[in-house]
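Chains as they are written, first to last, in my numbering: chain D, 1008 to 1551; chain Y, 2 to 529.
As C-alpha cells, this is what we get:
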C-alpha cells in the first residue's frame, strides 16, 4: 500500500515554513522581525505569537500552528516561539517516518506515549521548587524570559519591577487560593526618555486628565466616587416632547435641565467625595461646581479602569443614583478612599495617579522608551515576564532553561525507546530527536557551533542519567554569550515548569492534529455559479 | 463500463442508456464511499475541509464530512442523505453505513455485469438484509441499563476513533451518566437528547470537560456591582422586560412645564422600582430574563436597583432555551408582573458565576425537584478540537441512547460483519437460483468493514481478514480485529462493543439506499 502521502508532505511544508519564519527569533540572541501591514503600520517584535498573529496565513495547516502559538500565549504567556518550532520539527520527522512506510497512526501513538513520558520525567526529575532556590529565582525566571527581548540590557531592573508588580496585585479568592491577576496591572506607555526611567507605581495610574485646568492638582486623603453615567444637562427620553407656549417657560425649562444635574453633583459632593471619576461626559457648565468645592473631576475614563479602581479603593461603581425610595441620593458608603490622588506630567500627557488605595494594593507600570515601536515591544516583553512570574508564584515549580530540559528529555526518551519492542519505538526516537531542535536553534542563532555544543551537552546529560554520582550534571545548559556549556542552575536561568510541560503537550497535540489528516477537501467559494447536475452532465463530468 | 445486457434492437438505440445511468450512479456513489473510507475505525484518519470562505473543519465523523462536501451528483447526494439518516436513527456508525453502501454497490455492479437484472439483485439484497438482521439479533447479548460496564464499553468504542480518544476515560462515563440521568422512568425506551445540553467553551483542555447536575447558562451575570454568587437561591424566570415602557410611535408625552420634567424622571424611577420591589417581595434573589429585541430586557436603572437589593440578574436568555430551563428548574416562565408569585419560582442551593477560560458561565446546582436534564460543558484548547470534541460526545451520547432503545450489545472490531458474511454465505448455499448468487455477493461485500479496519491500522488486510474468517468458521463469534495489538482477539474481552441498533440500522439503511439506486434507470432534468 502506498503510505507516502503527498498531502502530508504538503502540510509539513507549510508548517515548517511558518516555523522557519520565527526560528531566528528564538533565544537570548535571537533577532527581531519588522512587520509592515498594508496601511504601513510597523511592528517590531521578537514575540512568536505577535509575529504569527500579524502574518496573514492562508494555508489551513499553517493556521493550526498560528493557533497553537496563540493558545500558548493565552495559557502560558511565554514560550510561543519554541512551541511552534517543536511542533514543526515533530511534523518534519513524522514525515520522514511515513516516507519509510510507517503508518501515521503508529507515529501518532508513539508521539503520544513519548509526550506522556516526557511530562512525567520533567515532573519527577527536572523540576525545582521555589523553596529550594529562594526568592531570587523569581527574578531570575523573569530575567530569563526577558533575555531574548529588547529590554534584556535592563533585565535586572525590569525583572525586579515585574516581581514587585505581581506581588502587589495578589489576592485570595473565595476558595482560599492565592491568585495573581496580572491583568489588574495597568501598563501604560509613554515615549520619551530611556527605558531605564520606566517606573512602577504602587497605585493606579489613569490615562486621563482632570476635566478643567482650574481644578486642584493634588488631593491628599482623597474620597473617590466612581460613576458609570454622565453628568450632563438632562435630556428627555425619546417620546417625550417638550412643548412650550410661553417664552418665559422656555427659560424655566432650560434652567431646570441644568438644575437636575446640579442637584446630583451637590449630592455627590455632600457625601464627602472630592475625586469624581466618570465614564461619561461632564458638561463644562457643571465643572464650575467641582472647582468651587475644590474637588477633582475626571471625565471619559475607561469602564475597565474604573472597575479596578473601585475594587482597589473600596468604592462602588454606580450606574445610577436612584435609591430604593424612588428618589436620587448618593450614599457615603459608595465612596472609596486613597491616600493621595495627583496629576503627574509624563512626556506630553498628564496622568492621574491614585496612591495608597484603601481596600487592596494596586500596581501600574509606566514604560518609557525612545519611540512607539520600542514601547510596544517593551509592553509585550513585560507582559511575558509578568506571565512567567505569575506562573512561578502560583505553581512554585521551575525548570532550568537554556536547552537543558530538552537535551535531558531527548537522552531519556532515547533510552526509553530502546526498551520498547513495538512499532512506536521509532516514533519515540524521532520525538527525542525533534526536541534537540531547541538547543540547536539557540546555538545557531548565537552563531555558535551547534553540533559541537549539543554533542557536549548530550554527553553531560547522558552521564548524569547513567551515573548517580553525576546527577548534578542534569542542570547543564547552554551559555550563549561564551559559547560554552555551564550549570544553568547556578547561572540562574529558570523557566516555569508549567510553561515547559504545557508547551510540550500543545506542540504534540498540534502535530497529531495535522498528522491525522489524510485528505483535504477544498470547497469552491459560494459566489461561483452553482453547479447543477445539468451543467455537470453537459460537461461530461459524469462519464464514469 | 457495463456491457450491454439486453440484445440490441434497431428501433431502440438508446436502450443502453439505463445501464449507463446506473453505472454512472454507482460510480458516483462509490467515489463518495471511497472518500471517507480512510476515516473508519480507531486508527482512522481525519479530513481537513476548507470551506469557500476559508473556514477549516477537521473531523473524523462521516456525517460531518459529507455534510460539508458540496456534492453535485444526485446519487452521491443519496449517500449523504443515507449518512444523515444513520445519524438521526443511531447517531453513530455514519462512516460505516456509507462504506457499506459503497461496497454493496460494487457488488451490485459486478452482478449487473454478469447480466443479472437489477430488480432481481434488489430483491435478493432486500432478503439478505432481513436475514442479516435476524442473524445479528441472534448473536447479540442482551444487557440491562444497570450494567454500567457494558455501557461504558460501548461509549469508549464509539470515542475510540476520534481525536479525543485519549480522553475517553473521562468522556465515556460522562456520556453514560448524562443519558442515564435523563431517562424518564415511565417510558424508558427512548431518550430525548435535547434534555442534555452541551455547551462549548473555548479554553482549557478536553480534560476540563464536566457534567453539571443542574443548569449551566452561557450568559454571565449582568450588572457590575451585583452579587455573583447566591446561596439558597430562589430563581424566577421572566419573559417580560424591566425597562421603561415605550409609548407607541404615534403617542407623545408632552411636557410644557419644568415641574413635569422632574415628574417624568421620577415616574420612570418609580415604575422600575415598583417592579424591582415586587420581585424582591416574592422572595426572588436570582432573576433570569428572556432576551428581547424590542427594547432593553433590563434597563441600566433596573440593574442598579437589583444590585442594591442583592438580586443576581442573568439576562439575554434565548427563547428556545426557556423550555429546557423550565424543565430543569421545574419552574414556570412568568410572563407578566402580576404573576410574579413565589409558587412559580424554583429553589436551588447555589447559583454561581464561574470563570471558564476567557468567559464566564452561570452554574445553578443543588436544584430542588430537579427535572430530568443535565448540562455538559465541553472544553477544548482550540476551535477545531472543541468542535470535534462536541461532535464526538454527541456520538457517544447517541450510542448510549441506542442501548436504551434496544438493549442488546454486539462485539465491535468487524466481528459482526465477518460473522454475517460467514452465516449468509452458508444460508445462500441452501437457496436455489440466481438469488443465491446475489446473496453470496452481498455476504462478501460485508467484509469491507474488517478489511478497511485492517487497512487503516496499517495491517495486512488480506492476511487479517482470512484469519478472521477462519476464526468465525471455527465458531468464535466475537472475534474481531484488535487494532491496538494488531491481532485477532475476542472483542468482548477487549471491551470493544457497540449497540445492536447501530449495526442493524447501518445494514438496513445501506441496503435500502443501494436498492433505490439500482432501481433508477433514468435521470430526468427538470428545468427550473
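Every residue gets a Cβ at the ideal spot worked out from N, C-alpha and C, and that includes glycine.
- Judged by their CB atoms, residue 1384 of chain D and residue 1051 of chain D are nearer to each other than the 8 Å cut-off.
- Rounded to whole angstroms, the gap between the alpha carbons of residue 1375 of chain D and residue 1176 of chain D is 22 Å.
- For the segment 374–390 of chain Y, the residues whose beta carbon sits under 8 Å from a beta carbon of chain D are, in order, 382, 383, 384, 385, 386.
- In the displayed model, residue 490 of chain Y falls within a strand according to three-state DSSP.
- By the CB criterion at 8 Å, residue 98 of chain Y and residue 507 of chain Y fall inside the cutoff.
- Look at residue 1130 of chain D here: in three-state DSSP terms it is helix.
- By the criterion of a C-beta distance shorter than 6 Å, residue 1453 of chain D is surrounded in its chain by 1036, 1487, once the five residues flanking it on both sides are discounted.
- Two segments are said to touch when three or more pairs of C-beta atoms, one from each, lie closer than 8 Å; by this definition the segment 1395–1412 of chain D touches the segment 1489–1509 of chain D.
- Under the three-pair Cβ rule at 8 Å, the segment 30–40 of chain Y counts as touching the segment 59–78 of chain Y.
- Residue environment: residue 89 of chain Y is assigned as exposed (fewer than 16 neighbouring CB atoms within 10 Å of its CB, all protein chains considered).
- Below the 9 Å Cβ cutoff, chain Y contributes no neighbours of residue 1514 of chain D, its closest Cβ being approximately 12 Å away.
- From the beta-carbon of residue 257 of chain Y, the residues of chain D found nearer than 9 Å are 1249, 1250, 1251, 1252, 1253, 1256, 1260.
- Residue pairing by DSSP leaves residue 186 of chain Y without any beta bridge partner.
- Per DSSP, the unbroken alpha helix (DSSP H) holding residue 399 of chain Y starts and ends at 384–406.
- Looking at the backbone, the Cα of residue 19 of chain Y and that of residue 525 of chain Y are separated by about 12 Å.
- Proximity of residue 44 of chain Y to chain D, defined by a Cβ-Cβ separation below 8 Å, is satisfied.
- Relative to the Cα of residue 432 of chain Y, the nearest Cα in the group Y/91, Y/125, Y/81 belongs to Y/125.
- Under the Cβ criterion of 8 Å, residue 1428 of chain D is not counted among the residues facing chain Y.
- Taking 7 Å as the Cβ-Cβ cut-off, the segment 1331–1347 of chain D approaches chain Y at 1331, 1333, given in chain order.
- Here DSSP, grouped into helix, strand and coil, assigns residue 483 of chain Y to strand.
- Going by beta carbons, residue 1324 of chain D and residue 1233 of chain D fall inside the 8 Å limit.
- Within the same chain, and ignoring the five residues on either side of residue 105 of chain Y in sequence, the residues whose Cβ sits closer than 8 Å to its Cβ are 126, 443, 446, 511, 512, 515.
- Restricting attention to beta strand (DSSP E) runs no shorter than 3 residues, the segment 1328–1366 of chain D encloses them at 1343–1353, 1356–1364, ordered along the chain.
- Your pair residue 283 of chain Y and residue 292 of chain Y does not check out as a contact, with CB atoms roughly 22 Å apart and the cut at 8 Å.
- Taking a C-beta cut-off of 7 Å against chain Y, the contacting residues of the segment 1520–1533 of chain D are 1520, 1523, 1524, 1525, 1526, 1527, 1528, 1529, 1530, 1531, 1532, 1533, listed in chain order.
- Contacts with chain Y at 8 Å (Cβ-Cβ) include residue 1113 of chain D.
- Under the three-state reduction of DSSP, residue 1485 of chain D is assigned to strand.
- Secondary structure at residue 1386 of chain D: helix, using DSSP grouped into helix, strand and coil.
- About 7 Å separates the beta carbons of residue 1014 of chain D and residue 1526 of chain D, which is inside the 8 Å limit, making them a contact pair.
- For the set Y/275, Y/490, Y/146, Y/374, the Cα lying nearest the Cα of residue 412 of chain Y is the one of Y/490.
- Comparing alpha carbon positions, the residue from Y/257, Y/278, Y/271, Y/242 closest to residue 294 of chain Y is Y/242.
- Two segments are said to touch when three or more pairs of C-beta atoms, one from each, lie closer than 8 Å; by this definition the segment 1208–1217 of chain D touches the segment 1364–1382 of chain D.
- Take the alpha-carbon of residue 1116 of chain D and the one of residue 460 of chain Y: they are about 15 Å apart.
- The residue among D/1309, D/1256, D/1285 with its C-alpha nearest the C-alpha of residue 1214 of chain D is D/1309.
- Within the DSSP secondary-structure output, residue 1528 of chain D pairs in a beta bridge with Y/50.
- Assigned with DSSP and collapsed to three states, residue 348 of chain Y falls in strand.
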